[in-house]
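Enquirer: Sharing a structure with you now.
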Amino acid sequence: MTLLGQDLGLTPRKGFFTDTTVCIGCKACEVACKEWNAVPADSSGLTANSFDNTGELSANTWRHVAFVEQNTDEGFRWLMSSDVCKHCTEAACLDVCPTGALFRTEFDTVVVQQDVCNGCGYCVSACPYGVIAQREDDGRVFKCTLCYDRIGAGQTPACAKACPTESIQFGDLDELRERATARVEALHATGETKARLYGADPDDGVGGNGAFFLLLDEPEVYGLPPNPKVTTRDLPAMWKRAGLAALGLLAAAVVSTLGGRR
Amino acid sequence: MTRTRERAMVPQADFRSYYGRPILKEPTWHALDIAGYLFTGGLAGGASLLGAAADASGRPALARVARYGATGGLSLSLVGLIHDLGRPERFVNMLRVVKPTSPMNLGSWLLAAYGPLAGAAAAGELAASAGVLPGAARSLARVAGLGAAGLGAGVATYTAVLVADTAAPAWHDAYEDLPILFAGSAAAAAGGLGLVGAPVDQALPASVFAVTGAAAELAASHRIEHAPRLSSEAYRTGRAGVLMKAARIATVAGAIGAATVARRGRTGATLSGAALLAGSALARFGVFAAGRQSTRDPKYVIVPQHQANER
């Protein structure tokens with residue numbers, strides 16, 4: 050946990066490491082998440098996109114298992130990956146939230162306070178991953194809380210608890226990153242040269258993710274943005290341009306008084 | 014007509030995606046509420062500036078029209094902003110915190126300060142016309158109107174930061190030029206309102222303001238539509254393309270009218286003013302539609318980000 054940029058050293062940052070190489074596409078994470086968090090059903094019907102009938106992360110889907118079918122030199126393969134809110138270090142949703150409904154917890158996760166959210170939708174447009182969304186019949190926005198209630202009580206989040214292959218691993222982020230780096234090295238040693246981490250780099254466009262992934266192909270193949278950036282970083286430049294435009298507008302108003310009266 | 018040129022600026026790149034699905038969520042904002050607000054908020058801010066300019070240069074009828082227009086524009090803005098919320102009854106939560114990282118929060122505070130000043134300026138004009146304490150009423154209109162004009166410049170331009178601080182590629186990529194477009198559009202709309210509502214012999218500041226604004230709006234939209242980046246395509250195609258084109262036609266016609274026939278007679282002034290108002294509104298709806306389009310097609314996210322990774 051940090052305060053005014055100082056690490057207080059109270060609670061280590063918590064996160065998910067989702068190792069997609071061992072995902073078997075059982076969707077137990079989706080079900081466990083719905084059950085624990087009482088998330089309403091999504092009725093997307095049959096999408097005809099392999100075994101993915103969930104489609105995407107949304108207000109009513111906080112874990113989404115993607116199914117990619119590929120024909121490679123070694124034959125057909127499935128890529129399966131359980132997607133989730135990234136709990137960004139620099140979270141655009143949290144930055145732009147005008148009410149303070151979105152906040153950073155003591156575990157450095159990002160959570161919506163449902164009693165504060167007024168459904169303005171700014172976070173929905175700000176999220177570079179398309180994660181947070183509005184529940185239409187409710188008006189407010191919803192997303193993964195990294196099971197704030199469970200981890201506060203020392204429990205494992207529902208999805209990680211239900212995952213039968215430990216594809217979803219929950220823990221202290223530092224430790225997860227070390228584990229993930231070792232796993233990538235092991236995969237490279239076995240010839241899986243395309244194995245890579247996604248969201249583990251603290252120097253990326255969002256300062257790294259609290260929930261990061263091990264992928265076997267490029268991020269866009271899994272429906273992830275290849276190089277997302279938090280737009281808040283450009284806010285000073287944006288305000289500078291707006292200030293210039295406002296000064297121009299004032300100048301135009303002054304100029305408009307100069308003409309003689311007729 | 015310009016296909017070859019467009020292709021040269023942004024090479025068509027092959028890209029992979031997850032079943033062609035969008036990566037970003039579409040904005041939850043409704044066009045009538047939020048694109049409507051971009052227009053009415055700009056109109057209000059611009060009209061407050063025009064009102065102060067008209068007052069300072071001794072054109073009371075133009076000042077009155079502008080100040081009524083500012084309050085009308087602001088009222089419509091608030092209706093749109095509150096109606097668009099998923100939980101409208103919680104609109105006041107916008108003022109629960111002061112949050113510099115949220116343009117919407119700062120904008121809410123700006124409106125909270127601007128609204129009463131614009132309202133007081135209009136109330137002063139109303140009282141003066143009705144003969145209620147005319148001296149005091151005029152002073153109120155002048156003082157509150159000056160405050161509203163100062164803040165109005167912010168009201169008319171902060172909305173560019175509001176939409177640019179999102180992941181929508183067409184909005185964020187255009188952050189350098191959107192404030193100029195919005196400021197120009199606000200001046201064109203306010204000038205148009207002055208031409209429609211004020212007597213022709215007092216409308217000169219409205220003409221000057223409108224023509225200056227129209228020139229800025231046209232220059233900025235041209236830059237945005239033809240910038241060498243993939244997302245500029247979102248401004249030239251689909252619904253956004255149609256709206257931006259219609260905006261250009263209306264704004265050019267209105268500006269030419271404002272510089273010529275508007276000075277000579279009532280009909281010319283009214284038609285020029287209406288064209289300027291329409292052009293400003295169309296540009297706001299066009300920008301809004303472009304941002305939305307750029308969230309629907311994953312190429313606007315994947316292609317530039319993938320290229321950045323390759324570098």
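Residue numbers (the working numbering), protein chains in the order written: chain D, 50 to 311; chain G, 14 to 324. By construction, the Cβ of each residue, glycine as well, lies at the ideal position given by its N, Cα and C atoms.
#1: The segment 178-192 of chain G: which residues have C-beta closer than 7 Å to a C-beta of chain D, in chain order?
#2: Should the segment 106-113 of chain G be regarded as contacting the segment 182-191 of chain G, the criterion being three or more beta carbon pairs within less than 8 Å?
#3: Which residues, in chain order, does the segment 267-283 of chain D contribute to contact with chain G at a C-beta distance below 8 Å?
#4: If you reduce the DSSP assignment to three classes, tell me which class Y178(D) lands in.
#5: Would you say I237(G) lies against chain D (beta-carbon separation less than 8 Å)?
#6: Using only the alpha-carbon positions, how far apart do R29(G) and F262(D) sit?
#7: Starting from Y313(G), find everything on chain D with Cβ-Cβ shorter than 9 Å and list it in chain order.
#8: Give a yes or no on whether 8 Å exceeds the smallest Cβ distance from E118(D) to chain G.
#9: Between P218(G) and chain D, is the shortest Cβ-Cβ distance under 8 Å, so that the two count as touching?
#10: Quick one: give me the first and last residue of the alpha helix (DSSP H) that R305(G) is part of.
#11: Alpha carbon to alpha carbon, how far is N276(D) from H319(G)? Give it in angstroms, no decimals.
#12: Would a check of beta-carbon distances place R100(G) closer than 8 Å to chain D?
#13: Could you compute how far the alpha carbon of L164(G) sits from the alpha carbon of D283(D)?
#14: Got a sec: which bits of the segment 169-184 of chain D sit with their beta carbon under 9 Å from any beta carbon on chain G, in order along the chain?
#15: Find the residues of chain G that neighbour R199(D), judging by a C-beta separation of less than 9 Å, and give them in chain order.
#16: Taking Cβ-Cβ distances shorter than 9 Å, what residues in chain D pair up with Q306(G)?
#17: Drop a sphere of 10 angstroms on the beta-carbon of R1(G), count the other beta-carbons inside from all chains shown, and report buried for 16 or more, exposed for fewer.
#18: Based on the DSSP secondary-structure assignment, which residues constitute the bridge partners of M129(D)?
#19: At a Cβ threshold of 8 Å, is C72(D) touching chain G?
#20: Are the segment 69-85 of chain G and the segment 205-217 of chain G touching by the rule of at least three beta carbon pairs closer than 8 Å?
#21: Check whether the Cβ atoms of C172(D) and L195(D) lie closer than 8 Å to each other.
#22: Can you tell me the Cα-Cα spacing of G167(G) and W127(D), whole angstroms?
#23: Do F195(G) and A294(D) have their CB atoms nearer than 8 Å?
#24: Using a C-beta cutoff of 8 Å, does L37(G) count as contacting chain D?
#25: Chain D beta carbons: is any one of them nearer than 8 Å to that of Q318(G)?
#26: Looking at the unbroken beta strand (DSSP E) that takes in V161(D), where does it start and where does it end?
#27: When you compare only the Cα positions, how much space is there between S121(G) and Y32(G)?
#28: Using only CA atoms, which one of R279(G), T170(G) and Q215(G) lies nearest to A199(G)?
#29: For F195(G), go through chain D and note every residue whose CB falls closer than 9 Å to its CB, in chain order.
#30: By the three-class DSSP mapping on this structure, what secondary structure does T96(D) have?
#31: Which residue comes first and which comes last in the beta strand (DSSP E) that contains K63(D)?
#32: For a test of the three-state rule: what should DSSP assign to E186(D), helix, strand or coil?
#33: Can you tell me which of the three DSSP states T110(D) falls into?
#34: Between the Cα of G278(G) and those of H235(G), F104(G) and Q215(G), spot the shortest distance and give me the residue it belongs to.
#35: Counting only beta-carbon atoms, is R309(G) nearer than 8 Å to chain D?
#36: Mind pulling the chain G residues with CB within less than 8 Å of N102(D)?
Expert: Well, looking at it:
#1: Going along the segment 178-192 of chain G in chain order, one finds D178, T179, A180, A181, H185, Y188, E189 and P192 with a Cβ nearer than 7 Å to chain D.
#2: No, the segment 106-113 of chain G is not in contact with the segment 182-191 of chain G.
#3: Cβ contacts with chain G come from E267, E269, V270, Y271, G272, L273, P274, P275, N276, P277, T280, T281 and D283.
#4: Counting from one through the first sequence, the residue named residue 178(D) turns up at place 129. In this structure, DSSP gives Y178(D) a state outside helix and strand, which the three-state scheme calls coil.
#5: Walking along the second sequence from the start, residue 237(G) turns up at place 224. It does not; no Cβ of chain D falls within 8 Å.
#6: Indexing the second sequence from 1 puts residue 29(G) at position 16. Indexing the first sequence from 1 puts residue 262(D) at position 213. Roughly 19 Å separates the two Cα atoms.
#7: As a working note, residue 313(G) is residue 300 in the second sequence. Close partners of Y313(G) in chain D (Cβ separation under 9 Å) are lacking, with about 11 Å as the shortest Cβ gap.
#8: Here residue 118(D) corresponds to residue number 69 of the first sequence, with the count starting at 1. Output row for E118(D): interface = no.
#9: By one-based count along the second sequence, residue 218(G) stands at place 205. Flagged as an interface residue toward chain D: P218(G), by a C-beta distance shorter than 8 Å.
#10: Here residue 305(G) refers to the residue found at position 292 when the second sequence is read from its first residue. Note, R305(G): alpha helix (DSSP H), R279 to R309.
#11: Working through the second sequence from its first residue, we reach residue 319(G) at position 306. Working through the first sequence from its first residue, we reach residue 276(D) at position 227. Spanning the two alpha carbons is a distance of roughly 7 Å.
#12: Stepping through the second sequence from its first residue, residue 100(G) is reached at position 87. Closer than 8 Å to some Cβ of chain D, the Cβ of R100(G) qualifies, so yes.
#13: The sequence position of residue 164(G) within the second sequence is 151, counting from 1. The sequence position of residue 283(D) within the first sequence is 234, counting from 1. In a straight line, the C-alpha of L164(G) is about 23 Å away from that of D283(D).
#14: Taking 9 Å as the Cβ-Cβ cut-off against chain G, the residues of the segment 169-184 of chain D that qualify are C169, G170, Y171, V173, S174, A175, C176, P177, Y178, G179, V180, I181, A182, Q183 and R184.
#15: Locating residue 199(D) in the first sequence gives position 150, counting from the first residue. None at all; the shortest Cβ gap to chain G is about 26 Å.
#16: Position 293 of the second sequence, counted from the start, is the residue given in the question as residue 306(G). Residues of chain D with a Cβ closer than 9 Å to the Cβ of Q306(G) do not exist, since the nearest Cβ in that chain sits about 13 Å away.
#17: Because residue 1(G) is not part of the residues shown, which for chain G are 14 to 324, the question remains open.
#18: In the first sequence, counting from the first residue as 1, residue 129(D) sits at position 80. Beta-bridge pairing links M129(D) to F116(D).
#19: Taking the first sequence and counting its residues from 1, the one referred to as residue 72(D) is at position 23. For C72(D), the answer is no, since every Cβ of chain G falls outside 8 Å of its Cβ.
#20: Contact between the segment 69-85 of chain G and the segment 205-217 of chain G is present, because at least three Cβ pairs lie under 8 Å.
#21: Here residue 172(D) is taken as the residue at index 123 of the first sequence, counted from 1. Here residue 195(D) is taken as the residue at index 146 of the first sequence, counted from 1. Not a contact, by the Cβ cut-off of 8 Å.
#22: Numbered from 1 along the second sequence, position 154 holds the residue referred to as residue 167(G). Numbered from 1 along the first sequence, position 78 holds the residue referred to as residue 127(D). Distance between the alpha carbons of G167(G) and W127(D) is about 53 Å.
#23: Residue 195(G) sits at position 182 when you count from the first residue of the second sequence. Residue 294(D) sits at position 245 when you count from the first residue of the first sequence. For the 8 Å CB-CB criterion, F195(G) and A294(D) form a contact.
#24: Stepping through the second sequence from its first residue, residue 37(G) is reached at position 24. When Cβ-Cβ separations below 8 Å define contact, L37(G) makes contact with chain D.
#25: Here residue 318(G) is taken as the residue at index 305 of the second sequence, counted from 1. It does; some Cβ of chain D falls within 8 Å.
#26: Along the first sequence, read from residue 1 onward, the residue named residue 161(D) stands at position 112. Segment V159 to V161, the beta strand (DSSP E) holding V161(D).
#27: On the second sequence, position 108 is the one that residue 121(G) refers to. On the second sequence, position 19 is the one that residue 32(G) refers to. In a straight line, the C-alpha of S121(G) is about 39 Å away from that of Y32(G).
#28: Along the second sequence, read from residue 1 onward, the residue named residue 199(G) stands at position 186. Looking at the Cα atoms, T170(G) is the closest of the given residues.
#29: The residue you call residue 195(G) lines up with position 182 of the second sequence. Going along chain D in sequence order, the residues near F195(G) (Cβ under 9 Å) are A291 and A294.
#30: Within the first sequence, the letter at position 47 stands for residue 96(D). T96(D) falls in the coil class under three-state DSSP.
#31: Residue 63(D) sits at position 14 when you count from the first residue of the first sequence. For K63(D), the uninterrupted beta strand (DSSP E) run begins and ends at K63 to D68, by DSSP.
#32: For the purposes of this step, residue 186(D) is taken as the residue at position 137 of the first sequence. Residue identity differs from the one stated: residue 186(D) is Asp in this sequence, not Glu. It is coil, neither helix nor strand.
#33: If you number the first sequence from 1, residue 110(D) lands on position 61. Note: T110(D) maps to strand in three-state DSSP.
#34: If you number the second sequence from 1, residue 278(G) lands on position 265. Closest option to G278(G), Cα to Cα, is Q215(G).
#35: Translated into the one-based positions of the second sequence, residue 309(G) becomes position 296. For R309(G), no Cβ of chain D is located within less than 8 Å of the residue's own Cβ.
#36: One-based indexing of the first sequence puts residue 102(D) at position 53. Near N102(D) there are no residues of chain G at all, since even the closest Cβ is about 12 Å away, more than 8 Å.
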